[in-house]
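Notes to accompany the following structure.
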Amino acid sequence: MTTTPAEEHPPAEPEPPPPGFALELELPFEFAARLPRHPALAAGKARARTTAERLIWLDTAEGDLARDGLLLEEPARGPRRLVRAWDTAAPPGQPPQVVEDTPPEAAVVALAAFEGRQTLRPLDTAEGPVLATLHFGRLRSVAAEAEVARLLLEGPADAVMTVARALCASLPLLPASSSLPEVARALARGEAPRARRRGPAVPAPGASMGEALAGAIGHLTEVLLAQAPAAHAGTGVEGVHQMRVAARRLRSVLKLFRPQPGFGGIDAPALRALDKGLGEVADRLGPARDWDVFLDGIGAALGEAAGAEKRVTALLRAAGAERDAAYTALREVLEGAPWRLLMLDAVAAARVQGWRAEVGDAAYDAPLAPFAAEVMRRRWKRLRHAARDIETLSMEALHALRLDSKRVRYAAEVFTPLWPGRESRKFGQRLAAVQEALGIANDGAVARDLAGRLAAGGVAGRSVSPWAIGLLEGYALARTAGARNAAITAWKEAKKAPEFWKIPPEQ
Numbered sequence: 105m106t107t108t109p110a111e112e113h114p115p116a117e118p119e120p121p122p123p124g125f126a127l128e129l130e131l132p133f134e135f136a137a138r139l140p141r142h143p144a145l146a147a148g149k150a151r152a153r154t155t156a157e158r159l160i161w162l163d164t165a166e167g168d169l170a171r172d173g174l175l176l177e178e179p180a181r182g183p184r185r186l187v188r189a190w191d192t193a194a195p196p197g198q199p200p201q202v203v204e205d206t207p208p209e210a211a212v213v214a215l216a217a218f219e220g221r222q223t224l225r226p227l228d229t230a231e232g233p234v235l236a237t238l239h240f241g242r243l244r245s246v247a248a249e250a251e252v253a254r255l256l257l258e259g260p261a262d263a264v265m266t267v268a269r270a271l272c273a274s275l276p277l278l279p280a281s282s283s284l285p286e287v288a289r290a291l292a293r294g295e296a297p298r299a300r301r302r303g304p305a306v307p308a309p310g311a312s313m314g315e316a317l318a319g320a321i322g323h324l325t326e327v328l329l330a331q332a333p334a335a336h337a338g339t340g341v342e343g344v345h346q347m348r349v350a351a352r353r354l355r356s357v358l359k360l361f362r363p364q365p366g367f368g369g370i371d372a373p374a375l376r377a378l379d380k381g382l383g384e385v386a387d388r389l390g391p392a393r394d395w396d397v398f399l400d401g402i403g404a405a406l407g408e409a410a411g412a413e414k415r416v417t418a419l420l421r422a423a424g425a426e427r428d429a430a431y432t433a434l435r436e437v438l439e440g441a442p443w444r445l446l447m448l449d450a451v452a453a454a455r456v457q458g459w460r461a462e463v464g465d466a467a468y469d470a471p472l473a474p475f476a477a478e479v480m481r482r483r484w485k486r487l488r489h490a491a492r493d494i495e496t497l498s499m500e501a502l503h504a505l506r507l508d509s510k511r512v513r514y515a516a517e518v519f520t521p522l523w524p525g526r527e528s529r530k531f532g533q534r535l536a537a538v539q540e541a542l543g544i545a546n547d548g549a550v551a552r553d554l555a556g557r558l559a560a561g562g563v564a565g566r567s568v569s570p571w572a573i574g575l576l577e578g579y580a581l582a583r584t585a586g587a588r589n590a591a592i593t594a595w596k597e598a599k600k601a602p603e604f605w606k607i608p609p610e611q
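Residue numbers (the working numbering): 105 to 611.
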């Protein structure tokens, strides 16, 4: 491995960071040279110092450390240290933590190295001193290499977030979704970095209302950050799907914790603004996902059934153009400053928690279980009322019922860990079966709506055969004909599920 030339002056010991908050941001390498000249990094009397930097990450030959989320880090100067490269409990944007300075006794081998430069820039801000540390250079392993750039901001939380917002407003920085050691490990193994968070948010044991809300925001923000690159690339359907689910879950959580009539809860303008911003992102994720589902489901089945029929081929080609346009609109969002600032707002809501002072300690420290039981009771009551005439509901009413079912399921995802056991598992399984059946019906309804868009010419103004449109609508109806009966059957079982929130929760 070759080294990057250092500056003329010798390496200096890093200045101790100001106490408080640390936020790690990632940015495209090509912007690293511009970053030190940004006005937000000019707020200080001390000059920036740039030195050569070299880090090597090591593991046992069997990968024992990485399996536990650890790596041994060897700097150019100083002792080796054990770092937590993959931390599934870390809040979003937190840099990797040193576990201990004593290296493991087992023999280790080098996985990858970082060779580049480190620029230190002390800043003076109205909220307090901030130390900005830019790391930029190349990651190298035996078989691969990649350019990387990371910015670490350390200091009082408000000061750090102010600097971060000023930078993200004009440069493509985002809270890091993977640590640099984990990126190095993945490069050496020829795989993608491991996501720190997946699936729904689960409250920590004994968490209060405020702690559970902050934890859920942090968890789902991590999922959004991890899935955004795949959604932006558009090389598969999973990125958009997982990102859309995470956005829906986060919006649901924000609404879930709002005060109930005659009951407590948590609400604040910052949380409402976060919900609104997520809704705007969801408006771009929705069309991309709808066209993905159509082309991979009903559209693909129709194409297979129709064979070489040119009118169907033209319809599917027009649908592909619609999907491309939807992804283009999504990319514009993910490349924009509002998205970057929204992710900073989500990090602040999870970690800085400025909303805590607005809601008060009583609401923040309130026990979670009584509130959870009340939310489940109310949402379940609403769903049972909406489903009382499921046999005769219109398609529009079935769609509304699906949304009510989804609200109950999202609430159950968050709260069932308070009631572990057979009853809560059975409730979740039966509700999932209802949603699955209603989802099939909804796919058919969406397919017919998309057919209407194609009939109108779509984004490309392409003429689609009315015969093909009629075939598509009929095929969609036929494919979903049994969905109502399946939903009725699933609901009959679901409404008999045990209401687990009536059981005393585990402490």
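Cβ coordinates follow ideal geometry from the N, Cα and C atoms, glycine included.
For residue j and residue i, the rounded distance between their alpha carbons
i	j	result
R526	A305	20 Å
V203	R421	54 Å
V246	W484	56 Å
P474	L375	22 Å
G401	G548	10 Å
A423	F398	9 Å
R138	P233	22 Å
A156	A404	54 Å
N589	L542	10 Å
V479	A441	35 Å
G167	Q533	37 Å
G148	T223	14 Å
E384	A392	14 Å
A591	L497	11 Å
P602	S509	16 Å
G366	P195	33 Å
R293	P333	20 Å
V563	Y431	13 Å
A268	E342	30 Å
L243	I160	10 Å
G586	T593	11 Å
C-beta neighbour in chain C for residue i, strict 8 Å
i	result
A545	Of the protein chains in the structure, only one exists, and it is not chain C.
Cβ-Cβ distance between residue i and residue j below 8 Å
i	j	result
D449	L378	yes
R185	E177	yes
A470	S312	yes
L612	A250	Because residue 612 is not part of the residues shown, which for the chain are 105 to 611, the question remains open.
L284	F218	yes
L434	V264	no
A454	I321	yes
L502	A545	yes
V451	G197	yes
R254	A280	yes
A628	L505	Residue numbering for the chain in the displayed model covers 105 to 611; residue 628 lies beyond these limits and cannot be assessed.
V287	V327	no
Q346	R482	no
A170	R301	no
A386	A351	yes
Q539	R513	yes
D396	R415	no
L406	Y579	yes
Cβ-based burial, residue i [other Cβ within 10 Å; buried from 16]
i	result
K596	exposed
W571	exposed
E134	exposed
D163	buried
F604	buried
E130	buried
G67	What is shown of the chain runs 105 to 611, which leaves residue 67 out entirely.
T584	buried
K600	exposed
A409	exposed
A308	exposed
Of the listed residues the options, nearest to residue i (C-alpha basis)
i	options	result
V357	G381, V349, P391, L317	L317
L104	A591, L278, Q539	Outside the shown range of the chain (105 to 611) lies residue 104, about which nothing can therefore be said.
H142	D191, P373, L275	L275
M499	D553, D396, R557	D553
P373	L354, W459, V416	W459
A77	V341, G338, R298	With the chain covering only 105 through 611, there is no way to say anything about residue 77.
T192	G319, L382, A335	G319
R151	D172, Q201, L227, L159	L227
T154	G241, E231, Q201, G182	G241
P199	G368, K414, H239	H239
R158	R181, G586, V568, A146	R181
Cβ-heavy atom distance, residue i to the ligand PLP, below 7 Å
i	result
A351	With respect to the ligand PLP, the structure shown offers nothing to examine, as it has no ligands at all.
Distance between beta carbons of residue j and residue i, contact taken as under 8 Å
i	j	result
Y468	G314	3 Å
L324	R353	5 Å
L535	A598	6 Å
H336	L438	5 Å
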